[in-house]
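Have a look at the structure below before the remarks.
Residue numbers (my numbering): 16 to 146.
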């Protein structure tokens, strides 16, 4: 919350209109969510169909969802939008690469965070490989 308030105040001091002060982080957030939805649909396909949990014909729903999501991302970056909206996909990519790097180079961090969240919510934690 503090970061959002500081960013908003900084934008306003820099002459950014209130509408754009909302749209700039909103656009970054939406692009990030689209990527998250794509990863979720790929995970659903992998979980449901590679493990034979449902019929192969039911793959059509996540495949259609993937097609729509990829189109929406494409429509947001092509044709290249005006500045600063043309920079936002790179901001999202950098943020995702940073997160991926942290997950890959700090072994067990994601598992520890998940276990901590589960403990706080009173949920049982399954022990997986490498635990």
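For every residue, glycine included, the Cβ atom is placed at its ideal position computed from N, Cα and C.
Where residue i and residue j are concerned, what is the direct C-alpha to C-alpha distance, given to the nearest angstrom?
i, j, result
"residue 124", "residue 118", "7 angstroms"
"residue 104", "residue 46", "7 angstroms"
"residue 138", "residue 129", "10 angstroms"
"residue 97", "residue 18", "25 angstroms"
"residue 36", "residue 23", "6 angstroms"
"residue 30", "residue 121", "40 angstroms"
"residue 27", "residue 102", "19 angstroms"
"residue 113", "residue 50", "14 angstroms"
"residue 133", "residue 66", "25 angstroms"
"residue 116", "residue 126", "15 angstroms"
"residue 82", "residue 106", "23 angstroms"
"residue 136", "residue 20", "29 angstroms"
Taking residue i as the reference, give the member of the options with the closest Cα.
i, options, result
"residue 75", "85, 46, 60, 132", "60"
"residue 108", "30, 88, 22, 35", "88"
"residue 78", "102, 92, 135, 52", "52"
"residue 111", "136, 48, 126", "48"
Since residue i contacts residue j with CB under 8 angstroms, what's their CB separation in whole angstroms?
i, j, result
"residue 80", "residue 56", "5 angstroms"
"residue 100", "residue 25", "Going by Cβ atoms, the distance from residue 100 to residue 25 rounds to 18 angstroms, so no, they are not a contact pair."
"residue 54", "residue 63", "Between residue 63 and residue 54 the Cβ distance is about 15 angstroms, and since that is not below 8 angstroms, they are no contact."
Given a threshold of 16 other Cβ atoms within 10 Å of its Cβ, counted over all protein chains shown, does residue i qualify as buried or as exposed?
i, result
"residue 39", "buried"
"residue 84", "buried"
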